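Inspection log for the structure reproduced underneath, given as structure tokens.
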Amino acid sequence: MAQKWKYDETFTPPAAVVKAKLCGQSVNLLVDTGFSGGVLIPFWMFERMSLLSYLTPDEYYAVMADTRKIRLYTATGVLTLRSKKHTVNTHSSPYIDKKIVGRDFLKRFLLTLNGPKSELIVSYPTTNHEAP
């Protein structure tokens, strides 16, 4: 079953946003196919969700537009779309104040960006080649 969201008009131009729950808290995540990770959230949210207690030993870095590399805190979170729960690498840094969802999570779904309708459609694959 597909989920649809209207583009978020607080962005210029309006942008595709996934509305979900991360660790039980509502969050709007900007779709960013340039981000290879799962989910990136502001550090204050990462702390509030108690994710600092569940850090993974893996090292991840955000490469900024100006080529700076910023080390990310990473923990395994639970992202809920509709009522289906998904584990996702959740990243954060005190130096980044963005809420985005990237390719590592999005690759599990079929995404349609319908520009004329300003609409994002997310559906589960129906083949035997589903992503984990």
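For the sequence shown, the positions run 946 to 1077 when this note's numbering is used. Every residue, glycine too, gets a C-beta built ideally from N, C-alpha and C. Since the structure is predicted, the reported quantities are computational estimates derived from the model, not experimental observations.
Pick from the options that is closest to residue i, judged by C-alpha positions
i	options	result
I1015	G1022, V984, T1071, H1036	H1036
P958	V1046, P1061, K1029	P1061
T1057	T978, F991, I1045	T978
R1053	V1067, D1003, N1059	V1067
A961	Y1069, S1063, T1071	S1063
A965	N1059, T1071, I1041, G1022	G1022
Buried/exposed call for residue i, threshold 16 Cβ in 10 Å
i	result
L996	buried
F1050	buried
Boundaries of the beta strand (DSSP E) in which residue i is found, first to last residue
i	result
R993	First-last for R993: 988 to 993, but that is the alpha helix (DSSP H), not the beta strand (DSSP E).
R1016	1014 to 1026
N- and C-terminal bounds of the alpha helix (DSSP H) containing residue i
i	result
L1051	1048 to 1051
Meets three-Cβ-pair contact criterion under 8 Å: the stretch 1044 to 1055 and the stretch 975 to 995
yes
Would you list, in sequence order, the uninterrupted beta strand (DSSP E) runs of no fewer than 3 residues that lie entirely inside the stretch 955 to 981?
962 to 967, 970 to 976
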